[in-house]
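Student: Quick note on our numbering: the sequence shown kicks off at 167 and runs consecutively. Cβ coordinates follow ideal geometry from the N, Cα and C atoms, glycine included. Questions regarding the structure given below will be posed in turn.
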Amino acid sequence: MSKFLSSRYTNVQPYRPGLQLHDRPYVKLNANETSLPPSPAVRQALTDALVEGLGRYADPYCLEFRQTVAEVLGVSADEVFVGNGSDEVLAIAFRTFFDGETPVAFPDITYNFYRDWCTTFGTPFVEVPLKEDFTVDVDALAAFEGPVVLVNPNAPTGLALPVADIERIVQARPDRLVIVDEAYADYHGESCVPLVAANSNLIVVQTMSKSRNLAGAHIGYAVAQKDLIDDMRDIKFSTNPFNVSALTAAVGIAAMRDTAYLEQCMAEAAEQRARLADELSARGFAVLPSRTNFVFTRPEGLPAGELCEELQRRGVLVRHYNQPRIADWLRITVGTQEENTALLEALDDALAEAANAC
Ligand SMILES: *Cc1c(COP(=O)(O)O)cnc(C)c1O
């Protein structure tokens, strides 16, 4: 830390994304991205005219993008906010709506960034424990007095709540805000977006990183009633109006429109997820029923942290969280058929070596 760091940030805990190693080729199953290409329409969107126009700033209102999202999701463009990944959208929502006094609640096992944003922005928080079976404690969140943040389906567990349960949390206290992070909703096939029309205290956030094969373009958006969206827009204009580049907007619009390609990718992912879950179960691993593009699994034969390292030595990256309640578990992104085969081979090799060493 330099002597110039603002006193505001001396407690900051930088979020640690899944490792990006480049010392050798890796099968990368540690950040829930995909190695599938985006919709073919994305390439066609990168036209000469777009490149020639890059001397000008992009539209800071992202109107065409917002209209596209609105059409696809069945809402109005006034109800859509676009950002540089859903991380930015969520960070802007935290800054816009949370303060230094009112605690925000989220599950103890969830997307770790919620805790980190609270720390960065000086917002107190309460971690509401998941139940013993890792399901979300809906009653506890419904009863909580302040704002609630929730991923559905949850990460890193992969378990989904029915939309009716989230509606219950939202409607239990219409005077507090509920943010639902739907990073994996396309895999689940259910969304809380239809609840926005009737609930003025709900913000639904989605990303194109996980299901639309565009993590490298980094696009996220929020859907909420207009006054909430207007507040977020004002905070964005107070920090960085041009948060979405012309290139990003163009590829995002193209990918958003190609719903047929999305469905094809979702069907393939579901098939590979079932295969991976079966293969892991057959090896005696516990596997939670996932509604996402990853599986949360408790290995047998080697402790999770060691297995994670052994897989890395064999060129396969998965995610281990050295934190309470889940230190025995691994989060493994569902890859392509070839990637999953490579994972299973590396796994069997590591387990065989461990068994021989005994
Ligand atoms: C990946 C992820 C995000 C961030 O996605 P970006 O749009 O790439 O910033 C947010 N929330 C959850 C739960 C995620 O898994």
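Hey, would you say the C-beta of ASN379 is under 8 Å away from at least one heavy atom of ligand 1?
Tutor: Here residue 379 refers to the residue found at position 213 when the sequence shown is read from its first residue. No - ligand 1 has no heavy atom lying nearer than 8 Å to the Cβ of ASN379.
Student: Verify the contact flag: THR373, CB atom, against every heavy atom of ligand 1, threshold strictly below 8 Å.
Tutor: The count along the sequence shown starts at 1 and reaches residue 373 at position 207. At least one heavy atom of ligand 1 is nearer than 8 Å to the Cβ of THR373, so yes.
Student: Hey, how far is the Cα of GLU434 from the Cα of ASP265?
Tutor: As a working mapping, residue 434 is identified with position 268 in the sequence shown. As a working mapping, residue 265 is identified with position 99 in the sequence shown. Put simply, the backbone Cα of GLU434 is about 42 Å away from that of ASP265.
Student: Entirely within the stretch 301-380 and at least 3 residues each: give me those beta strand (DSSP E) ranges in chain order.
Tutor: Listed in chain order, they are 314-317, 344-347, 368-373.
Student: So is THR462 buried or exposed if we call it buried at 16+ other beta carbons inside 10 Å?
Tutor: As a first step, residue 462 must be located in the sequence shown, where it is residue number 296. The displayed chain sequence assigns Phe, not Thr, to residue 462. With 16 or more Cβ atoms within 10 Å of its Cβ, PHE462 is classed as buried.
Student: Relative to the alpha-carbon of SER172, which residue among GLY240, LEU216, THR286 has its alpha-carbon at the smallest distance?
Tutor: As a position in the sequence shown, residue 172 is number 6, starting the count at 1. Nearest option by C-alpha distance: THR286.
Student: In whole angstroms, what is the alpha-carbon distance linking ALA493 and ASN177?
Tutor: By one-based count along the sequence shown, residue 493 stands at place 327. By one-based count along the sequence shown, residue 177 stands at place 11. Rounded to the nearest angstrom, the two C-alpha atoms are 24 Å apart.
Student: Are the beta-carbon atoms belonging to ASP319 and TYR353 less than 9 Å from one another?
Tutor: Looking up residue 319 in the sequence shown gives position 153. Looking up residue 353 in the sequence shown gives position 187. Per the sequence presented here, residue 319 reads as Pro, with Asp not at that position. Yes, the pair counts as a contact, with Cβ atoms nearer than the cut-off.
Student: Cβ atoms of GLY386 and MET398: under 9 Å apart, would you say?
Tutor: On the sequence shown, position 232 is the one that residue 398 refers to. On the sequence shown, position 220 is the one that residue 386 refers to. Not closer than 9 Å, so no.
Student: So, using beta-carbon positions, are LEU368 and LEU343 closer together than 9 Å?
Tutor: Here residue 368 refers to the residue found at position 202 when the sequence shown is read from its first residue. Here residue 343 refers to the residue found at position 177 when the sequence shown is read from its first residue. Contact: yes.
Student: Nearest-angstrom Cα distance between GLY471 and ARG182?
Tutor: The sequence position of residue 471 within the sequence shown is 305, counting from 1. The sequence position of residue 182 within the sequence shown is 16, counting from 1. Distance between the alpha carbons of GLY471 and ARG182: 16 Å.
Student: Per DSSP, what are the beta-bridge partners of LYS402 in this structure?
Tutor: The count along the sequence shown starts at 1 and reaches residue 402 at position 236. Answer is none; LYS402 lacks a bridge partner.
Student: Report the three-state DSSP secondary structure of PHE451 (helix, strand or coil).
Tutor: For the purposes of this step, residue 451 is taken as the residue at position 285 of the sequence shown. Three-state DSSP puts PHE451 in coil, outside helix and strand.
Student: Using 10 angstroms around the beta-carbon of MET422, count the other beta-carbons present and answer buried if the total reaches 16, otherwise exposed.
Tutor: Within the sequence shown, the letter at position 256 stands for residue 422. Counting Cβ neighbours within 10 Å, MET422 comes out buried, since at least 16 surround it.
Student: What does a CB cutoff of less than 8 Å around ASP393 pick up in its chain, not counting 5 residues either side in sequence?
Tutor: Reading the sequence shown from its first residue, position 227 is the one you call residue 393. Excluding sequence neighbours, ASP393 sits near SER366.
Student: Is there a Cβ from chain B that is less than 9 Å from the Cβ of SER411?
Tutor: Looking for chain B here will not work: only one protein chain is present.
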